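Report on one structure; see the data block that follows.
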Amino acid sequence: MASIDSGGDGGHHKKGRGVKKAKKLSTRIDMTPMVDLGFLLITFFIFTTTMSSPTALKLNVPKDTDKPEEQNKAKESGALTIMLGKGNNVYYYEGQLKVDATGNNFKAAKMGDIRKIILDKKADVISRYRRDQACIDKKMGDWRQKGIEGKYLKDAEESCEQEDLVVVIKPTEEATYKNTVDILDEMTICRVLKYAMVKIAPAEYELIKVTEGGTPGTQK
3 MASIDSGGDG GHHKKGRGVK KAKKLSTRID MTPMVDLGFL LITFFIFTTT
53 MSSPTALKLN VPKDTDKPEE QNKAKESGAL TIMLGKGNNV YYYEGQLKVD
103 ATGNNFKAAK MGDIRKIILD KKADVISRYR RDQACIDKKM GDWRQKGIEG
153 KYLKDAEESC EQEDLVVVIK PTEEATYKNT VDILDEMTIC RVLKYAMVKI
203 APAEYELIKV TEGGTPGTQK
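So the sequence shown is residues 3 to 222, counted in the numbering used here.
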C-alpha cells in the first residue's frame with residue numbers, strides 16, 4: 003500500500019489577522035484494488051490458458067501382418083530384413099536367414115551405412131527386372147479405380163520394377179526411438195514402396211545378443 007502526503011510549506015505558516023492558514027493536503031493512493039485485480043487476472047489466465055500437452059509422432063507405415071504366409075509372398079531374392087540393435091548398431095540379411103555350416107548371411111553395420119545397403123539392394127532388384135506390361139496396366143487400372151490422381155506411366159513402371167523389393171524392419175527393445183524414426187525416413191528417401199515393421203524373431207535376437215557380446219536370450 004502506497005501513500006503520498008503533501009503538507010503546504012513544510013509546516014511554517016504566518017499567523018495573524020487576515021492571514022489564512024494553508025490547508026494541509028494529503029494524497030493517498032490505495033493499491034489494494036490493483037493487487038486484487040492482478041491476482042484475479044493471474045488466476046483467470048491459469049484456468050483459461052491451454053497447457054502445453056505432450057505430443058507424439060505419428061508414424062504412417064503399411065499394415066503389419068503376423069501371418070508368415072503373407073510375409074513369404076515376396077520373392078526371397080527381393081527381401082531385405084533390417085534389425086535395429088542398441089546404439090547405432092544395425093544388422094541385416096537378404097532373403098531367408100542362413101546361419102549354418104553352408105554359410106552365414108547375417109551381417110552387422112552402422113546406422114550411417116544403412117542407406118547404401120538399401121540402395122544397393124534396390125539396384126539389384128531393378129537390374130533383374132524385365133518390363134512387364136501386364137503389371138504396368140494393372141497398376142494404372144488400380145489407381146484409376148481408386149481415384150488416385152497424378153499417377154503416370156513412369157510411376158507405374160517404377161512400381162513394377164521394384165515389385166519384388168520388400169524391406170522388413172525389426173527393432174529390438176534396445177533400439178533407440180530416433181533410429182526407428184530414421185529408418186522409416188530412409189524408406190521415403192530411398193523411395194522404397196513396400197516395407198513393414200514386424201516383431202523380431204527369437205533366433206534373430208539371439209544372433210544380435212551374441213554379436214554385441216551379450217548373453218543370448220529372448221526378447222520380451
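Note that CB positions come from ideal geometry on N, CA and C, so glycine has one too.
All of these numbers come straight from a predicted model, not from anything done at the bench.
Within 8 angstroms, strictly: CB atoms of residue i and residue j
| i | j | result |
| --- | --- | --- |
| V92 | A111 | yes |
| L82 | K141 | no |
| G87 | I171 | no |
| K118 | Y94 | no |
| G80 | D166 | yes |
| V212 | M189 | no |
| L121 | C192 | yes |
| M113 | D184 | yes |
Residue i, buried or exposed, once every other Cβ within 10 Å from all chains shown has been counted against 16
| i | result |
| --- | --- |
| V63 | For V63, the predicted model reports a pLDDT of 49, less than 50, meaning its position is unreliable; a value from the coordinates is still stated below. Classification of V63: exposed, given that the 10 Å Cβ count is below 16. |
| F47 | exposed |
| N107 | exposed |
| Y197 | buried |
| P35 | exposed |
| Y207 | buried |
| I44 | exposed |
| I31 | exposed |
| A177 | buried |
| Q164 | buried |
| I6 | Model confidence at I6 stands at a pLDDT of 49, short of 50, so the residue's coordinates are unreliable; what they give is reported in the following sentence. The residue in question, I6, is exposed, as its Cβ has fewer than 16 Cβ neighbours within 10 Å. |
| G215 | exposed |
For residue i, the nearest candidate out of the options (CA to CA)
| i | options | result |
| --- | --- | --- |
| P204 | L195, N181, E175 | E175 |
| D157 | Q147, D166, I138, V168 | I138 |
| V160 | D184, R133, I84 | Here the sequence assigns Glu to residue 160, which means Val is not the residue at that position. The candidate whose alpha carbon is nearest that of E160 is R133. |
| S202 | D38, D144, M85 | The residue asked about is misnamed: residue 202 is Ile in this sequence, not Ser. Answer by Cα proximity: M85. |
| I116 | V101, E78, L195, N90 | N90 |
| Y131 | L42, V101, G149, C162 | C162 |
Extent of the continuous alpha helix (DSSP H) run through residue i
| i | result |
| --- | --- |
| K118 | 116-129 |
| M142 | 135-148 |
| L42 | 34-50 |
Limits of the unbroken beta strand (DSSP E) element including residue i
| i | result |
| --- | --- |
| K112 | 109-112 |
| E96 | 91-96 |
| L82 | 81-86 |
- Query: Unbroken alpha helix (DSSP H) runs of length 4 or more, entirely within the region 163-213: which are they?
  - Reply: 179-191, 204-213
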